[in-house]
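Trainee: One structure, pasted below without further comment.
Protein chains: 2
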Amino acid sequence: MQLKIALLGGDGIGPEVLAQSVKCLKAIEETFNHRFEFVEAPFGAIAMTGSGRPLPDETLALCQEADAILFGAIGALDYDNNPEAKVRPEQGLLRLRKELGLFASIRPIKMFPAFLENSPLKRNIVDHTDLVIFRELTGGIYFGKKTLSEDGTTASDLCSYSESEISRIAHLAFKAAKKRRKKVTLVDKANVLESSRLWRKTVTNIAQSYPDISFECLFIDNAAVQMMLNPRQFDVILTDNMFGDILSDQGSVILGSVGLLPSASVGLENAMFEPFHGSYPQAKGKNIANPVASILSSAMLLQHFGLDEEANAIVAAVHKSFVKKVVTTDVLGSSKYGTDYVGDFISENIVESD
Amino acid sequence: MQLKIALLGGDGIGPEVLAQSVKCLKAIEETFNHRFEFVEAPFGAIAMTGSGRPLPDETLALCQEADAILFGAIGALDYDNNPEAKVRPEQGLLRLRKELGLFASIRPIKMFPAFLENSPLKRNIVDHTDLVIFRELTGGIYFGKKTLSEDGTTASDLCSYSESEISRIAHLAFKAAKKRRKKVTLVDKANVLESSRLWRKTVTNIAQSYPDISFECLFIDNAAVQMMLNPRQFDVILTDNMFGDILSDQGSVILGSVGLLPSASVGLENAMFEPFHGSYPQAKGKNIANPVASILSSAMLLQHFGLDEEANAIVAAVHKSFVKKVVTTDVLGSSKYGTDYVGDFISENIVESD
Ligand SMILES: [Mg+2]
Ligand SMILES: [Mg+2]
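Protein sequences appear in the order of chains A and B.
Reminder that position 240 of the first sequence reads as 239 in numbering that gives the first Met the number 0, one-by-one numbering, no gaps.
Reminder that position 150 of the second sequence reads as 149 in numbering that gives the first Met the number 0, one-by-one numbering, no gaps.
Have a look at this one:
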């Protein structure tokens with residue numbers, strides 16, 4: 000297969016972990032005889048230094064034209080700590096998702112037996128956790144109209160959803176549940192929010208056309224509680240943009256490291272694959288970032304194009320790194336391996352299964 | 000001291016747990032020679048059956064005139080599961096807070112050594128957790144303008160904050176921190192939301208007038224993570240209405256039971272005391288609800304009026320119930336004690352310390 004893959008390293012540890020994914024995809028190319036063309040483009044705070052804009056036009060054009068996008072991370076301390084900054088790196092990511100119509104963020108959270116002890120939650124609670132969060136990604140309060148009064152004393156954000164925004168991701172979630180344990184949990188705040196009531200009404204209707212899928216609803220505050228008390232109860236979680244942000248970050252803690260979790264952002268015509276974690280600017284350049292989340296996201300990329308055997312080869316190499324304890328210090332404090340070494344190990348252990 | 004206390008039992012297990020608090024306050028009356036006048040009033044779904052309104056005028060008038068309010072819980076399954084319902088019980092609570100100007104919800108989360116093993120989090124993570132959440136209670140998206148398009152296909156909620164709404168609760172939080180471990184953490188989503196940026200700017204300014212208090216900011220998604228990884232890092236958490244809802248419910252899980260946590264809602268002229276937990280309609284009338292959260296909230300009521308010795312007498316009796324294992328099954332599965340029995344035990348063990 001021939002694929003053109005846009006590489007957006009972004010900020011902080013983004014470029015470092017992305018480089019390890021590229022090693023793995025190059026190993027896949029050789030081992031399985033594919034042709035991947037990689038094209039790098041500036042994105043995030045790093046792009047603002049040149050153009051003043053976190054998503055330059057050329058980067059957007061490349062992403063539109065590429066078959067898939069591998070993305071690192073976005074965000075820099077300079078902007079986080081400055082409430083006066085007019086343009087923020089994160090706006091680039093929001094705009095990219097919007098322009099490409101990447102309306103669904105898909106975030107699998109699956110416990111690795113090797114890291115059971117790393118979880119802050121007790122073993123009996125997290126063992127066998129295997130859930131996936133479908134987070135709406137281009138609507139809701141993150142994209143609603145924002146206002147700041149002229150005297151700067153009042154500010155507002157609008158959370159708005161339409162039935163069509165809700166139903167397109169709801170169908171994805173129910174379809175995914177069909178191939179899994181056949182359960183969808185909608186998370187909202189329908190006892191208080193009008194937009195949540197529209198979610199509940201719309202999804203409850205859609206659920207009727209998937210009679211083999213069991214369907215339940217939870218309020219976000221209760222869902223945040225259940226994620227700590229009994230994450231195994233969840234199969235597919237469906238939720239809006241902000242609730243999905245909170246819940247998926249919270250869910251990622253279950254594994255004891257945000258460095259292990261991949262994610263995909265998909266739309267009708269484009270798909271982007273990225274680690275779950277943020278730009279972690281404090282770790283930038285220190286060769287300590289865990290590349291596994293990024294590497295597993297490249298496996299999701301391969302899967303997206305039907306290259307299941309290839310995706311499994313990456314996952315198998317990652318598992319080998321766990322077994323051999325070739326991991327970064329976030330998952331094993333005593334480890335002496337850095338980002339690069341772990342990336343080398345995994346990419347060198349990618350083999351065709353027989 | 001003479002106090003007129005409005006009793007709003009509300010829905011679900013509310014009336015049952017409230018009744019135990021009243022037993023304790025009556026014991027305080029006798030033991031310490033005070034005069035408490037208790038006046039009950041309908042509130043929530045139960046009030047809607049009669050008047051169609053969750054907060055009848057007479058109930059509001061009573062609350063305005065009383066010295067303090069003891070409240071049970073609100074919300075019923077009939078309404079939760081019906082997205083078409085025009086009026087919801089929760090609207091009564093929102094309106095009551097608004098009418099009384101109860102702008103700050105104060106939610107202490109303190110680990111009890113007796114229940115360390117009950118936490119879903121590992122012992123070394125939760126031991127010595129002692130934090131308090133200041134949640135803004137009358138502004139933000141729960142109270143913003145709501146719209147539903149005529150064809151019912153688009154819905155919206157507005158999240159709006161003013162500088163004055165932010166600063167009045169911020170000052171409460173900083174003052175509380177002075178008497179504690181001298182740290183305030185603001186939780187917001189300033190990288191995406193305009194209202195959060197106003198919070199960050201306003202609170203950062205206020206922090207400068209409390210030079211002995213250390214001040215830091217966290218994004219809500221990261222805060223939800225930190226609450227699971229290292230809750231001990233927090234002293235006073237300051238946040239908006241919705242983030243406070245999620246974070247405090249999540250924080251409550253640390254103790255392994257939402258049945259142990261009291262809370263207060265305070266304004267300039269009124270104060271209401273209530274258990275942290277909801278109406279738990281599934282448990283209604285089964286005599287299994289944990290009354291401790293409600294009982295500890297009556298201790299917060301006494302403290303509010305400077306009756307520290309009396310408040311401590313309640314807390315001491317609660318601790319005795321823990322030591323003697325006179326607890327409900329939510330905190331000790333093998334317990335055979337019900338709501339009433341636990342309430343009797345605690346109220347009968349309220350004594351003057353010497
Ligand atoms: Mg996040
Ligand atoms: Mg809540």
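Even glycine gets a Cβ: it sits at the ideal position worked out from N, Cα and C.
How about A:Asp220: is its Cβ closer than 7 Å to a heavy atom in ligand 4?
Mentor: Ligand 4 is not part of the structure shown, which contains ligand 1 and ligand 2 as its ligands.
Trainee: Listing by chain order, which chain B residues have their CB less than 7 Å from the CB of A:Leu157?
Mentor: Counting from one through the first sequence, the residue named residue 157 of chain A turns up at place 158. Simply Ser155, Leu157.
Trainee: In chain order, what residues of the stretch 177-197 of chain A put their CB closer than 7 Å to some CB of chain B?
Mentor: Answer in chain order: Ala189, Asn190, Val191, Leu192, Glu193, Ser194, Arg196, Leu197.
Trainee: When we look at the beta-carbon of B:Asn32 and count the other beta-carbons within 10 Å, is it buried (16 or more) or exposed?
Mentor: For the purposes of this step, residue 32 of chain B is taken as residue 33 along the second sequence, with counting starting at 1. When all chains shown are included, B:Asn32 counts as exposed.
Trainee: Looking at B:Asn204 and B:Ile140, is the spacing between their C-beta atoms short of 8 Å?
Mentor: Translated into the one-based positions of the second sequence, residue 140 of chain B becomes position 141. Translated into the one-based positions of the second sequence, residue 204 of chain B becomes position 205. Contact flag unset, no.
Trainee: From the DSSP output, read off the bridge partner residues of A:Glu83.
Mentor: The sequence position of residue 83 of chain A within the first sequence is 84, counting from 1. The partner list for A:Glu83 (beta bridge, DSSP) is empty, contrary to what the question assumes.
Trainee: Using DSSP with H/G/I as helix, E/B as strand and the rest coil, what is A:Thr328?
Mentor: The residue given as residue 328 of chain A occupies position 329 in the first sequence. Here A:Thr328 sits in coil by DSSP.
Trainee: Grab me the residues of A:Ala288's own chain with a C-beta within less than 6 Å of its C-beta, minus the 5 sequence neighbours each way, in chain order.
Mentor: Looking up residue 288 of chain A in the first sequence gives position 289. Answer for A:Ala288: Ile12, Glu15, Val16, Ala282, Thr338, listed in chain order.
Trainee: Would the beta-carbon of B:Asp187 be found less than 7 Å away from any heavy atom of ligand 1?
Mentor: Sequence index remark: in the second sequence, residue 187 of chain B carries index 188 (1-based). No, the Cβ of B:Asp187 stays beyond 7 Å of every heavy atom of ligand 1.
Trainee: Quick check on this structure: which residue in B:Pro230, B:Ala65, B:Thr153 has the alpha carbon closest to the alpha carbon of B:Leu300?
Mentor: Sequence index remark: in the second sequence, residue 300 of chain B carries index 301 (1-based). Of the listed residues, the one whose Cα sits closest to B:Leu300 is B:Ala65.
Trainee: Nearest by alpha-carbon distance to A:Glu57: which of A:Thr48, A:Gly138, A:Phe42 is it?
Mentor: Position 58 of the first sequence, counting from 1, holds the residue named residue 57 of chain A. Selected option, being the one with the closest Cα: A:Phe42.
Trainee: With the cut-off set at 8 Å, would you say A:Leu61 and A:Ala40 are in Cβ contact?
Mentor: Numbered from 1 along the first sequence, position 62 holds the residue referred to as residue 61 of chain A. Numbered from 1 along the first sequence, position 41 holds the residue referred to as residue 40 of chain A. Closer than 8 Å, so yes.
Trainee: Does the Cβ of A:Thr137 have 16 or more other Cβ atoms within 10 Å, making it buried, or fewer, making it exposed?
Mentor: The residue given as residue 137 of chain A occupies position 138 in the first sequence. Buried, since its Cβ has 16 or more Cβ neighbours within 10 Å.
Trainee: When you measure from the CB of A:Asp248 to every non-hydrogen atom of ligand 2, does any distance come out below 7 Å?
Mentor: Taking the first residue of the first sequence as 1, we reach residue 248 of chain A at position 249. The answer is no for A:Asp248.
Trainee: Quick check on A:Met227 - is its C-beta less than 8 Å from some C-beta in chain B?
Mentor: One-based indexing of the first sequence puts residue 227 of chain A at position 228. A:Met227 counts as touching chain B.
Trainee: Threshold first: 3 residues or longer. Then list the beta strand (DSSP E) segments lying entirely within the stretch 71-135 of chain A, N to C.
Mentor: Taking only runs of at least 3 residues, the beta strand (DSSP E) segments lying wholly in the stretch 71-135 of chain A are 103-109, 129-135.
Trainee: Please state if the CB of A:Ser166 and the CB of B:Ala154 are separated by a distance shorter than 8 Å.
Mentor: Numbered from its first residue, the second sequence carries residue 154 of chain B at position 155. Numbered from its first residue, the first sequence carries residue 166 of chain A at position 167. No, the Cβ-Cβ distance between B:Ala154 and A:Ser166 is not below 8 Å.
Trainee: Kindly list, in the order they appear in chain A, the residues whose Cβ is closer than 9 Å to that of B:Gly172.
Mentor: For the purposes of this step, residue 172 of chain B is identified with residue 173 of the second sequence, where counting begins at 1. The question names Gly, yet the displayed sequence has Ala at residue 172 of chain B. What B:Ala172 touches in chain A: nothing, since even the nearest Cβ is about 18 Å away.
Trainee: Could you name the residues of chain A that B:Gly138 contacts, counting a contact when the two beta carbons are closer than 7 Å?
Mentor: One-based indexing of the second sequence puts residue 138 of chain B at position 139. What B:Gly138 touches in chain A: nothing, since even the nearest Cβ is about 10 Å away.
Trainee: Pick helix, strand or coil for B:Ile236, following the three-state DSSP scheme.
Mentor: Here residue 236 of chain B refers to the residue found at position 237 of the second sequence. In this structure, B:Ile236 counts as strand in the three-state DSSP scheme.
Trainee: Suppose the cutoff is 6 Å on Cβ atoms and the five residues either side in sequence are ignored; what does the same chain contact list for B:Glu36 look like?
Mentor: Position 37 of the second sequence, counted from the start, is the residue given in the question as residue 36 of chain B. Lys3.
Trainee: Return yes when the C-beta of B:Asp239 is under 7 Å from any heavy atom of ligand 2, and no when it is not.
Mentor: Translated into positions along the second sequence, residue 239 of chain B becomes position 240. Result no, Cβ not under 7 Å from ligand 2.
Trainee: Does the beta-carbon of A:Asn190 have 16 or more other beta-carbons within 10 angstroms, so that it is buried, or is it exposed?
Mentor: Within the first sequence, the letter at position 191 stands for residue 190 of chain A. Buried: at least 16 other Cβ atoms inside 10 Å.
Trainee: Could you tell me which chain B residues have their CB closer than 8 Å to the CB of A:Tyr160, listed as they occur along the chain?
Mentor: Counting from one through the first sequence, the residue named residue 160 of chain A turns up at place 161. By Cβ distance, chain B contributes Thr153, Ala154, Ser155.
Trainee: At 3 residues or longer, what runs of the beta strand (DSSP E) sit wholly inside the stretch 128-210 of chain A?
Mentor: The stretch 128-210 of chain A contains these whole beta strand (DSSP E) runs: 129-135, 145-147, 153-161, 182-187.
Trainee: Can you say whether A:Ser333 is buried or exposed, counting buried as having 16 or more other CB atoms within 10 angstroms of its CB?
Mentor: Along the first sequence, one-based indexing puts residue 333 of chain A at 334. Exposed is the call here.
Trainee: Give me the chain B residues within the contact set of A:Lys145, using Cβ-Cβ distance strictly less than 7 Å, ordered along the chain.
Mentor: Residue numbering aside, residue 145 of chain A sits at position 146 when the first sequence is read from its first letter. Here the neighbours are Glu193.
Trainee: Shorter than 8 Å from the beta carbon of A:Gln249 to some beta carbon of chain B?
Mentor: By one-based count along the first sequence, residue 249 of chain A stands at place 250. Chain B, which has a Cβ nearer than 8 Å to the Cβ of A:Gln249, makes this yes.
Trainee: Could you tell me the distance, in whole angstroms, from the CA atom of B:Ser148 to the CA atom of B:Phe321?
Mentor: Start at 1 with the first residue of the second sequence, and residue 148 of chain B comes out as number 149. Start at 1 with the first residue of the second sequence, and residue 321 of chain B comes out as number 322. If I take the Cα positions, the gap works out to 53 Å.
Trainee: Please identify the residue among A:Leu115, A:Val202, A:Leu267, A:Lys323 whose C-alpha is closest to the C-alpha of A:Val252.
Mentor: The residue given as residue 252 of chain A occupies position 253 in the first sequence. Comparing Cα positions, the closest option is A:Leu115.
Trainee: Just to confirm my understanding: we take B:Leu331, look at its own chain, exclude 5 residues before and 5 after, and list those with CB closer than 7 Å. What are they?
Mentor: Taking the first residue of the second sequence as position 1, residue 331 of chain B is located at position 332. Hits under 7 Å: Lys324.
Trainee: Would you kindly report the start and end of the unbroken alpha helix (DSSP H) that includes A:Pro14?
Mentor: As a position in the first sequence, residue 14 of chain A is number 15, starting the count at 1. Looking at the DSSP string, the run of the alpha helix (DSSP H) that includes A:Pro14 is 13-31.
Trainee: For the stretch 91-121 of chain A, which residues have a beta carbon sitting closer than 7 Å to at least one beta carbon of chain B?
Mentor: Those would be Pro119, Leu120, Lys121, in chain order.
Trainee: Would you mind stating whether A:Phe133 and A:Leu171 have Cβ atoms separated by less than 8 Å?
Mentor: One-based indexing of the first sequence puts residue 133 of chain A at position 134. One-based indexing of the first sequence puts residue 171 of chain A at position 172. Their beta carbons are under 8 Å apart, which means A:Phe133 touches A:Leu171 by this criterion.
Trainee: Using 8 Å as the threshold, is the C-beta distance between A:Leu157 and A:Arg94 below it?
Mentor: Along the first sequence, one-based indexing puts residue 157 of chain A at 158. Along the first sequence, one-based indexing puts residue 94 of chain A at 95. In this structure, A:Arg94 does not lie closer than 8 Å to A:Leu157 by Cβ.
Trainee: Kindly list the residues whose CB is nearer than 7 Å to the CB of A:Phe233, restricted to its own chain and excluding five residues on each side of it in sequence; keep chain order.
Mentor: For the purposes of this step, residue 233 of chain A is taken as the residue at position 234 of the first sequence. So the qualifying residues of the chain are Leu130, Thr184.
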